Amino acid sequence: KPTVIIIGRPNVGKSTLFNRLIGKKLALVDDQPGVTRDRRMGDAEIAGLQFTVVDTAGWEDEDDATLPGRMRKQTEVSLEGADAALFVIDARAGITPLDEEIARWLREQEVPVVLVANKAEGKAAEAGIYESYSLGLGEPLGVSAEHGEGIADLFGGLWPIIGSKSEEAEAAEEAASLEGDDENAPAGPLKLAIVGRPNAGKSTLINRLLGEDRLLTGPEAGITRDSIAVDWEWFDPKANETREIRLIDTAGMRKRARVTDKIEKMSVADAKRAIDFAEVVVLLLDATQGLEHQDLKIASQALEEGRALMVAINKWDIAENASSLFNGIREALNEGLSQVRGVPLFAVSAKTGKGLDTMLSAAFEIREAWSRRVPTAALNRWFDDALEANPPPAPGGRRIKLRYITQASTRPPRFVVFGTRLDDLPKSYERYLVNGIRAKLGFDAVPVRVVLKSPK
Ligand code: GDP
Numbered sequence: 005k006p007t008v009i010i011i012g013r014p015n016v017g018k019s020t021l022f023n024r025l026i027g028k029k030l031a032l033v034d035d036q037p038g039v040t041r042d043r044r045m046g047d048a049e050i051a052g053l054q055f056t057v058v059d060t061a062g063w064e065d066e067d068d069a070t071l072p073g074r075m076r077k078q079t080e081v082s083l084e085g086a087d088a089a090l091f092v093i094d095a096r097a098g099i100t101p102l103d104e105e106i107a108r109w110l111r112e113q114e115v116p117v118v119l120v121a122n123k124a125e126g127k128a129a130e131a132g133i134y135e136s137y138s139l140g141l142g143e144p145l146g147v148s149a150e151h152g153e154g155i156a157d158l159f160g161g162l163w164p165i166i167g168s169k170s171e172e173a174e175a176a177e178e179a180a181s182l183e184g185d186d187e188n189a190p191a192g193p194l195k196l197a198i199v200g201r202p203n204a205g206k207s208t209l210i211n212r213l214l215g216e217d218r219l220l221t222g223p224e225a226g227i228t229r230d231s232i233a234v235d236w237e238w239f240d241p242k243a244n245e246t247r248e249i250r251l252i253d254t255a256g257m258r259k260r261a262r263v264t265d266k267i268e269k270m271s272v273a274d275a276k277r278a279i280d281f282a283e284v285v286v287l288l289l290d291a292t293q294g295l296e297h298q299d300l301k302i303a304s305q306a307l308e309e310g311r312a313l314m315v316a317i318n319k320w321d322i323a324e325n326a327s328s329l330f331n332g333i334r335e336a337l338n339e340g341l342s343q344v345r346g347v348p349l350f351a352v353s354a355k356t357g358k359g360l361d362t363m364l365s366a367a368f369e370i371r372e373a374w375s376r377r378v379p380t381a382a383l384n385r386w387f388d389d390a391l392e393a394n395p396p397p398a399p400g401g402r403r404i405k406l407r408y409i410t411q412a413s414t415r416p417p418r419f420v421v422f423g424t425r426l427d428d429l430p431k432s433y434e435r436y437l438v439n440g441i442r443a444k445l446g447f448d449a450v451p452v453r454v455v456l457k458s459p460k
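Put into structure tokens, the structure is as follows:
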């Protein structure tokens, strides 16, 4: 993990920044003899960028030599092995002679320095921020450690310096946790919902999968039961292992003898409940009926809820003009569902069992993609390339600045793009980024969210 050291004269807010960076966690005290007694270290993370942060506050209590001398001695110790230094000044107080002295000394060091103008909230700080350019350490990043403002900007300053090292650490951690429980790895039974219009064959399919006549099917079926979850084990011939599946079955998904408006509405509510519960949603179509508006509505709903979606055309055993039917449905799905780039489409028969193993294998694969996290550095490598290949426009001659991207969450994948003047960013450019994430980062079939954010 990269190490970042916080440097600055007393009272500029080093400890506040330190506490802010490590979150609410307790600071670890490094009490190794011979090393600075008061040196505090902790694990920090900004938007996925992980590093160890070292606080040099506290050195001023030692009583030998002059203040700058002591500072130098202490920071020199801490600087050994540091990958970056955050040099903190107090934007409200402006630049003091001691700041200048530290800056002069830092300019001679090999460690890359990020200049941080703290206490930057409000007008009172503006002069100090401009003044700090004179330190010759580049552009100051205005932050308020106290109020948590501008911390995202620190990412932009630190990432080019420590990003790759942080990613290496992240990858090593990931490898180490492969056997253990990784928060991102899909865990537990696959939560699967099978939704579709009445008569598509949902009950028949579920019976087939469970291998027993659990649910009544056919025109006379009029079962009223609340939604139930059924766990079962399925041998995956592709992965050659037994897998667990939890199937969400709702009463309203089943065929009714008389389909009234009321029951139609109920089945929509049931579909929604099943979608809420599921990781992967299979929309079942009837090969003899084709794709209808209501099917697209259910599919959209699943995607809007952020679920991984697959479509299966059932009753393939009695399908006519099979290949043109398949292609027609594929096209209609691509056209009707802009949220994904190609929905995985399968031809199955609940009656004969054809295509079911293939469909279930795919369900596990799509859950994996849905749960995947892209390391920050790899993500930003893609991002830089995407911006270079097609730079954001410059409406009114002022270029929109996109700085970096992070993956905020998984299941479904959500990304945050940081930049300035984002209100002017055309929707088409946003789509360009979303399409790039899907196509280049392996999120083809899962709904991807992208949020734009301007750091304060
Ligand atoms: P649900 O309302 O979606 O649960 O539909 P059902 O499972 O009750 O099935 C409706 C009808 O379609 C029943 O008569 C089933 O026997 C029939 N069916 C279901 N799956 C298939 C299939 O794969 N092939 C054929 N030929 N018929 C099917």
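Just so we're on the same page, full-length UniProt numbering is the position in the sequence shown counted from 1, plus 4.
Built from N, CA and C at the ideal position, the CB exists for glycine as well.
Note that the structure is a prediction, hence the values are computed from the model and not measured.
- prompt: Relative to the C-alpha of residue 60, which residue among 400, 97, 18, 347 is closest?
  reply: 18 is the residue among 400, 97, 18, 347 whose C-alpha sits nearest the C-alpha of residue 60.
message: If we require 3 or more residues per run, which beta strand (DSSP E) segments fall completely within the segment 385 to 426?
response: Qualifying beta strand (DSSP E) stretches, in chain order: 405 to 413, 418 to 424.
- request: Please find out if some non-hydrogen atom of ligand 1 comes closer than 7 Å to the beta-carbon of residue 207.
  value: For ligand 1, at least one heavy atom lies less than 7 Å from the Cβ of residue 207.
query: CB of residue 165 to nearest heavy atom of ligand 1: below 7 Å?
result: No, the Cβ of residue 165 stays beyond 7 Å of every heavy atom of ligand 1.
message: Using only CA atoms, which one of 84, 20, 99, 429 lies nearest to residue 148?
response: Looking only at 84, 20, 99, 429, the smallest Cα-Cα distance to residue 148 is reached by 20.
message: So the candidates are 275, 135, 174; which of them puts its Cα closest to the Cα of residue 99?
response: The residue with the shortest Cα to Cα distance from residue 99 is 135.
query: Under 7 Å from any heavy atom of ligand 1, does the C-beta of residue 203 make it?
result: Within the cutoff, so yes.
field: Segment limits, beta strand (DSSP E) that includes residue 284
entry: Segment 284 to 290, the beta strand (DSSP E) holding residue 284.
message: One question on the structure: do residue 3 and residue 249 come within less than 8 Å of each other, judged by their Cβ atoms?
response: For the chain, the structure presents residues 5 to 460; residue 3 sits outside this window and is missing.
query: Which class does residue 222 belong to by DSSP, given the choice of helix, strand or coil?
result: Bear in mind that the predicted position of residue 222 carries a pLDDT of just 39, short of 50, making it unreliable; the figure below should be weighed with that in mind. In the structure shown, residue 222 adopts coil according to DSSP, grouped into three states.
message: Out of 375, 433, 55, which one is the CA nearest neighbour of residue 391?
response: Taking only the C-alpha atoms, the option nearest residue 391 is 433.
field: Near ligand 1: residue 346 beta-carbon under 7 Å from a heavy atom
entry: No; taking the cut-off as 7 Å, the Cβ of residue 346 has no heavy atom of ligand 1 nearer than that.
message: For a test of your reading of the model: does the CB of residue 457 fall under 7 Å from any non-hydrogen atom of ligand 1? Yes or no.
response: Checking the Cβ of residue 457 against ligand 1 gives no.
message: Can you tell me whether residue 60 is helix, strand or coil according to DSSP?
response: DSSP, reduced to helix, strand and coil, places residue 60 outside both helices and strands of the structure shown, so it counts as coil.
query: Among residues of its own chain, excluding the 5 on either side of residue 151, which ones have a beta-carbon nearer than 7 Å to its beta-carbon?
result: Excluding five sequence positions before and after residue 151, the CB atoms of its chain that fall closer than 7 Å to its own CB belong to 125, given in chain order.
- request: Go ahead and label residue 370 buried or exposed: buried means 16 or more other beta carbons lie within 10 angstroms of its beta carbon, across all protein chains shown.
  value: Result: buried.
field: Paired residues, beta bridge with residue 455 - DSSP
entry: BP columns for residue 455 point to 420.
- prompt: Relative to the alpha-carbon of residue 102, which residue among 11, 364, 85, 173 has its alpha-carbon at the smallest distance?
  reply: Looking at the Cα atoms, 11 is the closest of the given residues.
- prompt: What is the rounded straight-line gap between the Cα of residue 320 and the Cα of residue 198?
  reply: Rounded to whole angstroms, residue 320 to residue 198 spans 17 Å at the Cα level.
query: Thinking just about the alpha-carbon of each residue, which of 295, 289, 421, 302 is nearest to the one in residue 279?
result: Nearest C-alpha to residue 279: 302.
field: Euclidean distance between Cα positions of residue 337 and residue 346
entry: About 8 Å.
- request: Grab me the residues of residue 381's own chain with a C-beta within less than 6 Å of its C-beta, minus the 5 sequence neighbours each way, in chain order.
  value: Once the five neighbours on either side are set aside, the close Cβ partners of residue 381 are 167, 168, 171.
- prompt: Would you say residue 246 faces chain D, with C-beta separation under 8 Å as the test?
  reply: Going by chain labels, chain D is absent from the structure shown, which holds only one protein chain.
- prompt: Taking buried to mean at least 16 other C-beta atoms within 10 Å of its own C-beta, is residue 128 buried or exposed?
  reply: Label assigned to residue 128: exposed.
- request: Using only the heavy atoms of ligand 1, determine whether one of them is closer than 7 Å to the beta carbon of residue 354.
  value: When distances are taken from the beta-carbon of residue 354 to the heavy atoms of ligand 1, the shortest one is below 7 Å.
message: Shorter than 7 Å, the distance from the beta carbon of residue 87 to the closest heavy atom of ligand 1, or not?
response: Relative to ligand 1, even the nearest heavy atom lies 7 Å or more away from the CB of residue 87.
- prompt: I think residue 282 touches residue 449, with their Cβ atoms under 8 Å apart; what is that distance to the nearest whole Å?
  reply: Wrong, their Cβ atoms sit about 15 Å apart, outside the cutoff.
- request: Just mark residue 409 as buried or exposed, buried being the case when its beta carbon has 16 or more other beta carbons within 10 Å.
  value: With 16 or more other Cβ atoms within 10 Å, it is buried.
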